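All residue numbers for the sequence shown refer to UniProt numbering, where the first residue is 1 and numbers rise by one.
Positions of the beta carbon are idealized from the N, C-alpha and C atoms, including for glycine.
Every value quoted in this text rests on a predicted model; they were computed, and no experiment measured them.
Shown next, in C-alpha cells, is the structure this report addresses.
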Amino acid sequence: QMSNWVPSARDKALLRETWSNDFEHLYSLGSDIYLYIFEHNPACKALFSWILKYEEAGRDFTQGSEFRTQALRFVQTIAQVVKNVNNMDSLEAFLYDIGQQHVKYASRGFKPIYWDAFTDAMQVALTNRMNVLPALDNKEDQERAIVIWRDIALFIIDHMKEGYNDGLKGINQFPA
C-alpha cells in the first residue's frame, strides 16, 4: 500500500531530474505501458473498441490516432503527479477521481485485477526508462530513481483503485 507515500526532498529532485515532458518521451513511455498491458493481459484490449476494429481490418492499432491519444492520456496523469508532487493532497483527490471515472468501464468488462496490470506495466516501463537514462550521475541515484518510480506507480494506482472501488459502492470521498 503506497497511498500514504511522501517523497523526501531528494526523491522529488530525482523525480524531476528523471522526467521529461518531451512529446516523444511521453508517447514512447505511454506506448510501452499499453503494449506491456496488452501483451501480458490480452483481455484488456476488449476495453478499447477501436482495437477490435483495427484488428478486424488487419491493421496495426498502434499506428492509429486512438492508440496515440490513449498512450498520451495515461502519461499525462504521471506528468501531473510529477508536477504536483509538493501537493500530495490534491494529487490524491485527482487520482481518486480518475478511479471514479473508470466505474463506467465496468460494464465494458473492466475488472479490478486490471489495476495490477497497470501497476506492473508502469513499473516495468519506468524501470526500463531509468536503466537507459544517461542523466544520472551514479549507480546509487539510478537505483534510487527506480525505487521512486516504482513507488509512484503504486501511489497512482492505489488512489485510482480506491476511487474505483468506492465508485462501485456509490461513495465519493472528494465530491466536487
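Is residue i near residue j, with beta carbons less than 7 Å apart?
| i | j | result |
| --- | --- | --- |
| GLN80 | GLY163 | no |
| PHE174 | ALA93 | yes |
| ALA121 | ILE33 | yes |
| ILE156 | MET130 | no |
| ASP60 | ILE148 | no |
| VAL82 | TRP19 | yes |
How should residue i be labelled, buried or exposed, when 16 other C-beta atoms within 10 angstroms of its C-beta is the threshold for buried?
| i | result |
| --- | --- |
| ALA46 | exposed |
| PHE23 | exposed |
| LYS161 | buried |
| VAL75 | buried |
| GLY30 | buried |
| ALA71 | buried |
| ILE78 | buried |
On a CA-only basis, which of the options is nearest residue i? Give me that one, please.
| i | options | result |
| --- | --- | --- |
| TYR36 | GLU55, THR62 and SER107 | THR62 |
| ILE171 | VAL103, GLY109 and ILE157 | VAL103 |
| HIS159 | ALA57, SER90 and GLN70 | SER90 |
| ASP166 | LEU136, GLU143, LEU95 and GLY64 | LEU95 |
| ALA176 | PHE48, ARG108, ASP97 and SER49 | ASP97 |
Quick check: the Cα distance between residue i and residue j, rounded to an integer number of angstroms?
| i | j | result |
| --- | --- | --- |
| ASN87 | ASP151 | 16 Å |
| THR119 | ALA153 | 6 Å |
| ASP141 | LEU133 | 11 Å |
| ALA125 | ALA9 | 24 Å |
| ARG68 | TYR27 | 7 Å |
| ASN21 | GLN123 | 18 Å |
| LEU52 | ASN138 | 45 Å |
| VAL6 | ILE113 | 26 Å |
| ALA57 | HIS40 | 23 Å |
| TYR54 | PHE110 | 20 Å |
| ASN4 | LEU14 | 19 Å |
| TRP50 | TYR105 | 15 Å |
Along the chain, where does the alpha helix (DSSP H) that runs through residue i open and close?
| i | result |
| --- | --- |
| THR77 | 65 to 83 |
| PHE174 | No alpha helix (DSSP H) holds PHE174; DSSP gives it neither H nor E. |
| PHE155 | 139 to 168 |
| ARG59 | Taken as a continuous stretch (DSSP letters only), ARG59 belongs to no alpha helix (DSSP H), as it is neither H nor E. |
| TYR105 | First-last for TYR105: undefined, no H or E at that position. |
Taking 6 Å as the line, does the beta carbon of residue i fall inside it for any heavy atom of the ligand MN?
| i | result |
| --- | --- |
| THR62 | The ligand MN is not part of the structure shown, which contains no ligands of any sort. |
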